[in-house]
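Protein chains in written order, with this note's numbering: chain E, 1 to 116; chain D, 1001 to 1111. First comes the structure, then the notes that go with it.
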Amino acid sequence: KAGVTQTPRYLIKTRGQQVTLSCSPISGHRSVSWYQQTPGQGLQFLFEYFSETQRNKGNFPGRFSGRQFSNSRSEMNVSTLELGDSALYLCASSLAGRGPGANVLTFGAGSRLTVL
Amino acid sequence: DQQVKQNSPSLSVQEGRISILNCDYTNSMFDYFLWYKKYPAEGPTFLISISSIKDKNEDGRFTVFLNKSAKHLSLHIVPSQPGDSAVYFCAASARGNMLTFGGGTRLMVKP
């Protein structure tokens, strides 16, 4: 069973540009979440999508947005990039149902964004 | 306001001995707790979890203990192996998929 796939794995952008990251969840997983990992702030929740709807949102500015498609694939976008947006962006998927294991997130390898 | 804290940034243990990683939380609404392991250049990998209705869950060499009154959980690894060397994150959720992570503890298991 294929895991969570994130593309691209590495990218370099300059301040002011925008970036789109892609995530393909595990087959059958309906929930996709995004996290940002930085050395100073650790792993922070960005947002969660379920059935093409944003279900939860973390404490990030509106420059960070996302969407989910009907096949559960998800994209996140960061506009007007700042130096502080340099981070590892992790996507995770889950069954999002009820019962044990429904809340267990399976993470992808991440997309490492460097903003110059 | 850090709702989940791992106060030890690093831990060094001899191979074969027990590793104990600790985690404290402040939010009483958390009802599900998880431990993840992370190697460099990889995403976190799920290790073990525990529901707030339990106080212990065991899976092979890994055991998680939950003390709700103290708002404290711990991960025990017995016996520790060099391949266990990684960064360990505890995480908590309150009725949903939004996980709040601790800052991580780097475990080094020496041969």
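Positions of the beta carbon are idealized from the N, C-alpha and C atoms, including for glycine. Quantities reported herein were computed from a predicted structural model and do not represent experimental measurements.
List the residues of chain D whose Cβ lies closer than 7 Å to the Cβ of residue i, in chain order.
i, result
"G42 (chain E)", "F1101, G1103 and G1104"
Looking at the structure shown, is residue i part of a helix, part of a strand, or coil, going by DSSP?
i, result
"D85 (chain E)", "helix"
"G1083 (chain D)", "helix"
"T38 (chain E)", "strand"
"L46 (chain E)", "strand"
"V32 (chain E)", "strand"
"L1021 (chain D)", "strand"
"K1038 (chain D)", "strand"
"R15 (chain E)", "coil"
"N56 (chain E)", "strand"
"S51 (chain E)", "coil"
"T80 (chain E)", "coil"
Looking only at its chain, what residues have a beta carbon closer than 8 Å to the beta carbon of residue i, apart from the 5 residues adjacent to it on each side?
i, result
"K1110 (chain D)", "S1012, V1013, Q1014, E1015 and P1082"
"L43 (chain E)", "Y35, Q36, Q37 and L90"
"F1062 (chain D)", "W1035, L1047, I1048, L1075, H1076 and I1077"
Tell me, please, which residues DSSP counts as bridged to residue i.
i, result
"N1067 (chain D)", "D:H1072"
"E75 (chain E)", "E:S22 and E:R67"
"R112 (chain E)", "E:Y10 and E:L88"
"Q1014 (chain D)", "D:K1110"
"F1062 (chain D)", "D:D1059 and D:I1077"
"A1092 (chain D)", "D:F1033 and D:T1100"
"S1049 (chain D)", "D:L1034"
"K1005 (chain D)", "D:D1024"
"S94 (chain E)", "E:S31"
Ordered along the chain, which non-local residues of its own chain (more than five positions away) have a Cβ less than 7 Å from that of residue i?
i, result
"A109 (chain E)", "Q6 and R9"
"S1085 (chain D)", "L1107, M1108 and V1109"
"V104 (chain E)", "S94"
"R1095 (chain D)", "D1031"
"S72 (chain E)", "P25, H29, R30 and V32"
Show which residues of chain D have a CB atom less than 8 Å away from the CB atom of residue i.
i, result
"L117 (chain E)", "Missing from the structure shown is residue 117 (chain E); chain E here goes from 1 to 116 and no further."
"E75 (chain E)", "Neighbours of E75 (chain E) on chain D: none; closest Cβ ~17 Å, over 8 Å."
In chain E, which residues lie with their C-beta within 9 Å of the C-beta of residue i?
i, result
"L1034 (chain D)", "N103, V104 and L105"
"S1010 (chain D)", "Within chain E, no residue comes near S1010 (chain D); the closest Cβ sits about 14 Å away, beyond 9 Å."
Does the ligand NAD have a heavy atom nearer than 7 Å to the CB of residue i?
i, result
"L95 (chain E)", "Although the ligand NAD was asked about, the structure shown includes no ligands whatsoever."
Tell me which same chain residues have a C-beta within less than 6 Å of the C-beta of residue i, skipping the five on either side of it?
i, result
"L1034 (chain D)", "S1049 and A1091"
"Q54 (chain E)", "F47"
"S1093 (chain D)", "Y1032 and L1099"
Determine the direct distance from the alpha carbon of residue j to that of residue i, and round the result to whole angstroms.
i, j, result
"R1017 (chain D)", "S65 (chain E)", "46 Å"
"L1021 (chain D)", "P1040 (chain D)", "19 Å"
"G1102 (chain D)", "H1076 (chain D)", "17 Å"
"G3 (chain E)", "P25 (chain E)", "7 Å"
"Y1025 (chain D)", "S1051 (chain D)", "14 Å"
"E75 (chain E)", "R30 (chain E)", "14 Å"
"N1027 (chain D)", "E82 (chain E)", "32 Å"
"K1068 (chain D)", "G40 (chain E)", "28 Å"
"D1059 (chain D)", "Q18 (chain E)", "43 Å"
"V115 (chain E)", "E1042 (chain D)", "20 Å"
"K1056 (chain D)", "K1071 (chain D)", "14 Å"
"Q1006 (chain D)", "T1105 (chain D)", "7 Å"
List, in chain order, every chain E residue whose beta-carbon is nearer than 7 Å to that of residue i.
i, result
"G1096 (chain D)", "N56"
"F1089 (chain D)", "L43"
Using a Cβ-Cβ cut-off of 8 Å, state whether residue i counts as contacting chain C.
i, result
"S31 (chain E)", "Among the protein chains in the structure shown, which are E and D, there is no chain C."
What residues of chain D sit near residue i, judged by a beta carbon separation below 9 Å?
i, result
"S94 (chain E)", "N1097"
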